[in-house]
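Enquirer: Numbering (the numbering used here), first residue to last: 3 to 276. By construction, the Cβ of each residue, glycine as well, lies at the ideal position given by its N, Cα and C atoms. One structure coming up, written as structure tokens, with questions to follow.
Here is the structure:
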């Protein structure tokens with residue numbers, strides 16, 4: 003029994019290491035001169051630009067935008083060495099707070115404050131497709147690109163597309179190299195034990211509890227690490243959509259609470275670290 007507890011403790015510590023390692027990679031901020039915003043820089047409609055095809059059409063994006071507003075994906079921007087002048091509030095997770103100084107909050111990602119964005123005089127706006135309804139208004143402020151994705155499990159494709167639009171593909175590839183290297187180190191430490199560990203990921207909402215499935219963001223990290231999932235969470239997106247009308251998570255009732263069980267359980271909640 004003592005040996006099993008020791009093994010589980012090692013498993014938990016190693017998994018925590020890989021998961022927190024991923025978050026660290028996604029909030030890399032390069033030193034001073036990389037992309038520090040210049041408060042006096044104005045958007046220049048005559049500047050050289052690249053034509054980007056996206057879900058809302060095409061946009062001519064400045065080659066080297068200096069005053070970027072992001073509506074979603076603040077962590078992606080920071081990991082690529084870009085510090086936006088503004089971002090939505092939803093993207094400002096607690097682990098990003100120390101990097102967010104000087105970044106103006108401009109409302110929710112699907113309900114941004116057009117007045118705040120206009121006041122910032124951005125030369126480029128980048129967002130997810132949850133801002134589609136605001137696209138025309140945003141485009142009147144600055145060139146705007148919208149990136150589409152279906153759910154959080156598509157984060158790798160979203161990240162690479164995000165980087166492509168920003169002209170930072172090489173930097174994104176390096177972030178992913180470090181991510182996979184961290185996974186490889188973890189797998190070498192765990193050996194064959196990894197596939198014997200069922201990792202349960204539980205999302206606690208204010209009014210209910212959900213289970214995260216294989217194609218959620220965190221589910222893909224667990225899979226990349228070579229860890230297994232309990233039967234209650236072993237669903238791919240297409241099957242989950244058919245069964246639960248949601249590709250990445252579903253609600254558990256009081257009667258099915260035992261389904262959250264696993265060798266290791268991670269609780270995912272809103273709010274700050276404390």
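#1: Assuming contact is defined by CB atoms lying nearer than 8 Å, are residue 144 and residue 131 in contact in what I supplied?
#2: Report all residues from its chain with a CB closer than 6 Å to the CB of residue 202; omit the five preceding and five following residues, and keep chain order.
#3: Thinking C-alpha only, which one of 83, 227 and 158 is nearest residue 188?
#4: DSSP beta-bridge partners for residue 204?
#5: Take residue 117 as the anchor and find which of 140, 76, 208 and 178 has the nearest alpha-carbon.
#6: For a quick check, are the C-beta atoms of residue 128 and residue 108 less than 8 Å apart?
#7: Spell out the partners DSSP gives residue 153 in its beta bridges.
#8: Identify whether residue 74 lies in helix, strand or coil by the three-state DSSP scheme.
#9: State the DSSP-derived secondary structure class of residue 148, mapped to helix, strand or coil.
#10: Does the region 235-249 touch the region 170-186, meaning 3 or more C-beta pairs lie closer than 8 Å?
#11: Which residue spans inside the region 85-149 form an unbroken beta strand (DSSP E) run of at least 3?
#12: Looking at the structure shown, is residue 253 part of a helix, part of a strand, or coil, going by DSSP?
#13: Evaluate residue 167 with the Cβ neighbour count: other Cβ atoms within 10 Å of its Cβ, from every protein chain shown; 16 or more gives buried, anything less gives exposed.
#14: Looking at the secondary structure, which residues open and close the beta strand (DSSP E) in which residue 53 lies?
Expert: This is what the structure holds:
#1: Here residue 144 refers to the residue found at position 142 of the chain shown. Here residue 131 refers to the residue found at position 129 of the chain shown. Cβ atoms of residue 144 and residue 131: not closer than 8 Å.
#2: Along the chain shown, read from residue 1 onward, the residue named residue 202 stands at position 200. So the list reads 232, 262, 264 and 267, once near-sequence residues are dropped.
#3: Position 186 of the chain shown, counted from the first residue, corresponds to residue 188. The option with the nearest alpha carbon to residue 188 is 227.
#4: Locating residue 204 in the chain shown gives position 202, counting from the first residue. DSSP lists 213 and 269 as partners of residue 204.
#5: Indexing the chain shown from 1 puts residue 117 at position 115. Comparing Cα positions, the closest option is 140.
#6: Working through the chain shown from its first residue, we reach residue 128 at position 126. Working through the chain shown from its first residue, we reach residue 108 at position 106. Cβ atoms of residue 128 and residue 108: not closer than 8 Å.
#7: In the chain shown, residue 153 corresponds to position 151, counting from 1. Answer is none; residue 153 lacks a bridge partner.
#8: Taking the first residue of the chain shown as position 1, residue 74 is located at position 72. Coil, per DSSP.
#9: One-based indexing of the chain shown puts residue 148 at position 146. Of the three classes helix, strand and coil, the one that applies to residue 148 here is strand, per DSSP.
#10: no
#11: 126-130 and 146-149
#12: By 1-based counting over the chain shown, the position of residue 253 is 251. Residue 253: strand per DSSP, three-state reduction.
#13: Residue 167 sits at position 165 when you count from the first residue of the chain shown. Buried, since its Cβ has 16 or more Cβ neighbours within 10 Å.
#14: Translated into the one-based positions of the chain shown, residue 53 becomes position 51. Start and end: 51-56.
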